[in-house]
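Novice:
In the numbering used here, the protein residues as written are 108 to 657.
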């Protein structure tokens with residue numbers, strides 16, 4: 108036996124020793140088996156699963172060779188590392204392989220994780236990572252506990268319970284928001300599924316209720332206002348629901364209500380192609396993956412239309428969908444990549460996206476330059492008005508959001524002819540003495556969107572002469588604009604929808620280059636319509652219109 112294999116066997120023997128768990132479980136029993144295995148109804152990504160079987164872990168544009176994977180060297184704190192450390196990839200593996208075939212990969216990687224992190228508390232024991240790990244280890248137990256090696260099985264189960272005990276004591280130290288929710292969800296799942304753990308479920312439920320109350324608006328959206336995190340919230344609560352059903356325990360009404368509200372908020376920011384709209388540094392993501400989550404989460408909900416807290420209002424009519432950011436940016440502590448996007452919107456016709464925001468890499472690995480990522484957070488990177496190339500909410504040198512939008516007014520109405528939304532923000536009052544008010548009216552036949560951007564004087568500060576402004580409409584890749592002969596309009600042709608005619612009055616129209624970040628986190632060249640002009644101290648107004656030609 109080599110010295111390396113002897114050292115590995117020593118680690119496994121140490122992990123397999125049965126500790127005293129009376130502090131974690133009131134009964135004091137030895138929790139060396141799962142009392143139930145949840146069924147994850149969310150279908151994984153078979154392509155990613157096939158890559159795992161071939162020895163490669165793929166996320167975005169990065170790939171890791173599993174033969175070279177050392178969890179101790181991998182670390183944490185970046186998208187690839189956190190995804191591998193959290194074991195959510197087990198879902199993809201199961202989509203591509205039977206238990207017998209997939210277990211060979213899953214157990215090998217789980218064994219490597221135990222050798223690297225199982226004997227000591229380190230960065231990989233971060234509360235949110237342990238919460239995620241417990242949710243996926245228990246849901247995919249057949250893939251990581253099929254080994255005939257009793258020492259390995261005992262080592263993994265004992266480590267799971269030590270992890271549950273660790274996050275029970277440290278979950279509230281996780282960052283407020285999705286991370287803390289994930290940690291407490293892991294505590295509850297461990298209590299439900301590990302032998303002797305039921306008496307501890309109540310504490311986990313109490314912690315989860317606190318985490319949800321501090322992270323989620325009453326309308327179900329996360330305070331981070333980040334769609335890709337909202338998707339993960341629905342996923343975490345889905346896995347937790349499965350744990351309750353597997354353990355034959357009643358699901359608390361508070362968790363069921365939170366799950367339904369979270370799904371409604373997620374639906375509210377989904378475009379006609381089934382992918383997400385791009386907000387707070389996010390991108391469309393993968394539409395099939397989102398569809399699998401919605402279908403498999405076990406909850407049903409209608410799209411949230413009037414989002415007072417979540418802030419994303421939805422207008423829809425006969426296949427035309429608009430999502431409008433009608434709220435202030437999220438608090439810096441809740442969203443590290445918050446954007447100056449107030450009053451921007453995205454628009455789709457059927458599955459064809461028309462008006463977009465530039466987006467960002469979200470939680471995908473990226474090789475984008477830091478200055479580009481910062482630029483993607485600016486007001487100019489969103490489909491809204493910007494005055495004097497100044498962000499409506501400041502982005503400070505350290506990347507946090509500064510002063511700007513504080514008060515956002517919203518007035519919404521529906522009638523037999525159209526849906527109307529009027530919203531205004533004070534982000535330009537301090538610097539220019541102007542309030543930006545945007546009015547949107549979508550006809551009930553889905554063929555016409557009328558809009559107007561007003562800059563109205565408010566406060567003591569006044570513009571001396573005039574200030575330049577631009578109203579930007581970033582266009583989705585594949586949408587080809589052609590300026591009309593009078594220079595006041597454009598025809599928008601796309602492969603997936605009839606032509607749309609754009610008209611404006613009160614300013615000059617131009618076509619400029621733009622880009623968007625796609626669902627893989629990569630930049631894609633596109634174009635934008637830009638209305639340009641100058642606004643005097645007394646304010647001004649620009650009206651515009653999108654109209655489908657058929």
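Ideal placement from N, C-alpha and C gives every residue a C-beta, glycine not left out.
Report the rounded CA-to-CA distance for residue 568 versus residue 370, giving the unit in angstroms.
Specialist: Working through the chain shown from its first residue, we reach residue 568 at position 461. Working through the chain shown from its first residue, we reach residue 370 at position 263. Each residue's Cα considered, the two are about 43 angstroms apart.
Novice: Leaving out five residues before and five after residue 555 in sequence, what residues of the same chain have Cβ atoms less than 6 angstroms from its Cβ?
Specialist: The residue given as residue 555 occupies position 448 in the chain shown. Excluding positions up to five away in sequence, the list reads 654.
Novice: Which of the three DSSP states is assigned to residue 596 in this structure?
Specialist: Along the chain shown, read from residue 1 onward, the residue named residue 596 stands at position 489. Reduced to three states, the DSSP call for residue 596 is strand.
Novice: For a minimum of 4 consecutive residues, which ranges assigned as the alpha helix (DSSP H) are wholly contained in the stretch 430-471?
Specialist: Fully enclosed alpha helix (DSSP H) runs of 4 or longer: not present.
Novice: On the three-pair Cβ rule with 8 angstroms, is the stretch 430-449 touching the stretch 409-419?
Specialist: The stretch 430-449 vs the stretch 409-419: in contact.
Novice: Who are the Cβ neighbours of residue 324 in its own chain at under 6 angstroms, not counting the five residues just before and after it?
Specialist: By 1-based counting over the chain shown, the position of residue 324 is 217. Correct list, in chain order: 416 and 417.
Novice: Would you mind sorting residue 513 into buried or exposed? The rule is 16 or more other CB atoms within 10 Å of its CB.
Specialist: For the purposes of this step, residue 513 is identified with residue 406 of the chain shown, where counting begins at 1. Exposed is the call here.
Novice: Looking at the structure shown, is residue 607 part of a helix, part of a strand, or coil, going by DSSP?
Specialist: By 1-based counting over the chain shown, the position of residue 607 is 500. In the structure shown, residue 607 sits in a strand (DSSP, three-state: E or B).
Novice: If residue 603 sits next to residue 458, beta carbons under 8 angstroms apart, how far is it from one beta carbon to the other, in whole angstroms?
Specialist: The residue labelled residue 603 in the question sits at position 496 within the chain shown. The residue labelled residue 458 in the question sits at position 351 within the chain shown. Between residue 458 and residue 603 the Cβ distance is about 6 angstroms, and since that is below 8 angstroms, they are a contact.
Novice: Could you pull the start and end residues of the beta strand (DSSP E) that residue 563 belongs to?
Specialist: Taking the first residue of the chain shown as position 1, residue 563 is located at position 456. 555-564 is the span of the beta strand (DSSP E), which, as asked, contains residue 563.
Novice: Taking only runs that begin and end inside the stretch 249-322, name each unbroken alpha helix (DSSP H) of 4 or more residues, in chain order.
Specialist: The qualifying runs are 257-277, 285-300 and 308-322.
Novice: Would you mind sorting residue 642 into buried or exposed? The rule is 16 or more other CB atoms within 10 Å of its CB.
Specialist: Reading the chain shown from its first residue, position 535 is the one you call residue 642. Its Cβ being crowded by 16 or more others within 10 Å, residue 642 is buried.
Novice: Whose C-alpha, out of 322, 351, 423 and 552, is nearest the C-alpha of residue 438?
Specialist: Stepping through the chain shown from its first residue, residue 438 is reached at position 331. Residue 438 has its Cα closest to that of 322, out of 322, 351, 423 and 552.
Novice: Please confirm whether residue 639 and residue 617 have their CB atoms less than 8 angstroms apart.
Specialist: Taking the chain shown and counting its residues from 1, one reaches residue 639 at position 532. Taking the chain shown and counting its residues from 1, one reaches residue 617 at position 510. Cβ atoms of residue 639 and residue 617: closer than 8 angstroms.
Novice: So, with DSSP's three-state summary, where would you put residue 247?
Specialist: Within the chain shown, numbered from 1, the residue matching residue 247 stands at position 140. Residue 247 falls in the coil class under three-state DSSP.
Novice: Could you give the first and the last residue of the continuous alpha helix (DSSP H) run that contains residue 480?
Specialist: In the chain shown, residue 480 corresponds to position 373, counting from 1. Per DSSP, residue 480 belongs to the alpha helix (DSSP H) from 477-482.
Novice: Express the C-alpha separation of residue 620 and residue 632 in angstroms, rounding to a whole number.
Specialist: As a working note, residue 632 is residue 525 in the chain shown. As a working note, residue 620 is residue 513 in the chain shown. Approximately 8 angstroms, taken between the alpha carbons.
Novice: Rounded to whole angstroms, what is the Cα-Cα separation between residue 168 and residue 612?
Specialist: Sequence index remark: in the chain shown, residue 168 carries index 61 (1-based). Sequence index remark: in the chain shown, residue 612 carries index 505 (1-based). Their Cα atoms are separated by approximately 43 angstroms.
Novice: For residue 582, count neighbouring Cβ atoms within 10 angstroms of its own Cβ and tell me buried if that reaches 16, exposed if not.
Specialist: As a working mapping, residue 582 is identified with position 475 in the chain shown. Buried: at least 16 other Cβ atoms inside 10 Å.
Novice: Given that a residue counts as buried once 16 or more other Cβ atoms are within 10 Å of its Cβ, and exposed if not, what is residue 336?
Specialist: Position 229 of the chain shown, counted from the first residue, corresponds to residue 336. Classification of residue 336: buried, given that the 10 Å Cβ count is 16 or more.
Novice: What is the rounded straight-line gap between the Cα of residue 232 and the Cα of residue 271?
Specialist: Reading the chain shown from its first residue, position 125 is the one you call residue 232. Reading the chain shown from its first residue, position 164 is the one you call residue 271. Rounded to the nearest angstrom, the two C-alpha atoms are 10 angstroms apart.
Novice: Would you kindly work out how many angstroms separate the C-alpha atoms of residue 445 and residue 478, rounded to a whole number?
Specialist: In the chain shown, the residue the question calls residue 445 occupies position 338. In the chain shown, the residue the question calls residue 478 occupies position 371. Cα to Cα, residue 445 sits roughly 15 angstroms from residue 478.
Novice: Please list the terminal residues of the continuous alpha helix (DSSP H) segment that includes residue 630.
Specialist: Here residue 630 corresponds to residue number 523 of the chain shown, with the count starting at 1. Residue 630 -> not in any alpha helix (DSSP H); beta strand (DSSP E) instead, spanning 630-643.
Novice: Would you be able to state if there are at least three C-beta pairs under 8 angstroms between the stretch 337-344 and the stretch 360-375?
Specialist: Cβ pair count under 8 angstroms is three or more, so yes.
Novice: Between residue 392 and residue 625, what straight-line distance do the alpha-carbon atoms span, to the nearest angstrom?
Specialist: Here residue 392 corresponds to residue number 285 of the chain shown, with the count starting at 1. Here residue 625 corresponds to residue number 518 of the chain shown, with the count starting at 1. Cα-Cα distance, rounded: 7 angstroms.
Novice: Do three or more CB pairs link the stretch 144-157 to the stretch 189-202 at distances below 8 angstroms?
Specialist: With a cut-off of 8 angstroms, the stretch 189-202 and the stretch 144-157 count as touching, because enough Cβ pairs lie within range.
Novice: Take every Cβ of the stretch 468-487, pair it with every Cβ of the stretch 382-396, and state whether three or more of those distances are shorter than 8 angstroms.
Specialist: Contact holds: three or more Cβ-Cβ distances are below 8 angstroms.
Novice: Could you check whether residue 245 and residue 406 sit closer than 8 angstroms to each other, using their CB atoms as the reference points?
Specialist: Taking the chain shown and counting its residues from 1, one reaches residue 406 at position 299. Taking the chain shown and counting its residues from 1, one reaches residue 245 at position 138. Contact: no.
Novice: At which residues does the alpha helix (DSSP H) containing residue 157 begin and terminate?
Specialist: For the purposes of this step, residue 157 is taken as residue 50 along the chain shown, with counting starting at 1. Where residue 157 is concerned, the enclosing alpha helix (DSSP H) stretches over 153-160.
Novice: If you reduce the DSSP assignment to three classes, tell me which class residue 408 lands in.
Specialist: As a working mapping, residue 408 is identified with position 301 in the chain shown. Coil.
Novice: Indicate the three-state DSSP secondary structure (helix, strand or coil) for residue 503 in the structure shown.
Specialist: Taking the first residue of the chain shown as position 1, residue 503 is located at position 396. Coil at residue 503, not helix or strand.
Novice: Which whole-angstrom value is the C-beta distance of residue 481 and residue 502, which I expect to be below 8 angstroms?
Specialist: In the chain shown, residue 481 corresponds to position 374, counting from 1. In the chain shown, residue 502 corresponds to position 395, counting from 1. With a Cβ gap of about 7 angstroms, residue 481 and residue 502 count as contacting.
Novice: Could you give the C-beta distance for residue 97 and residue 532, rounded to a whole number, given that I count them as a contact under 8 angstroms?
Specialist: The chain is shown only over 108 to 657; residue 97 falls outside these bounds and no answer can be derived.
Novice: Which runs of the alpha helix (DSSP H) at least 4 residues long sit entirely within the stretch 180-231? Give them in chain order.
Specialist: Taking only runs of at least 4 residues, the alpha helix (DSSP H) segments lying wholly in the stretch 180-231 are 186-193, 196-203 and 206-224.
Novice: Nearest-angstrom Cα distance between residue 248 and residue 411?
Specialist: As a first step, residue 248 is located in the chain shown; it is residue number 141 there, counting from the start. As a first step, residue 411 is located in the chain shown; it is residue number 304 there, counting from the start. One C-alpha to the other measures close to 35 angstroms.
Novice: How would you write the range of the alpha helix (DSSP H) that residue 493 sits in, first residue to last?
Specialist: To locate residue 493, count along the chain shown from 1; it is residue 386. Element bounds for residue 493: not the alpha helix (DSSP H) but the beta strand (DSSP E), 492-494.
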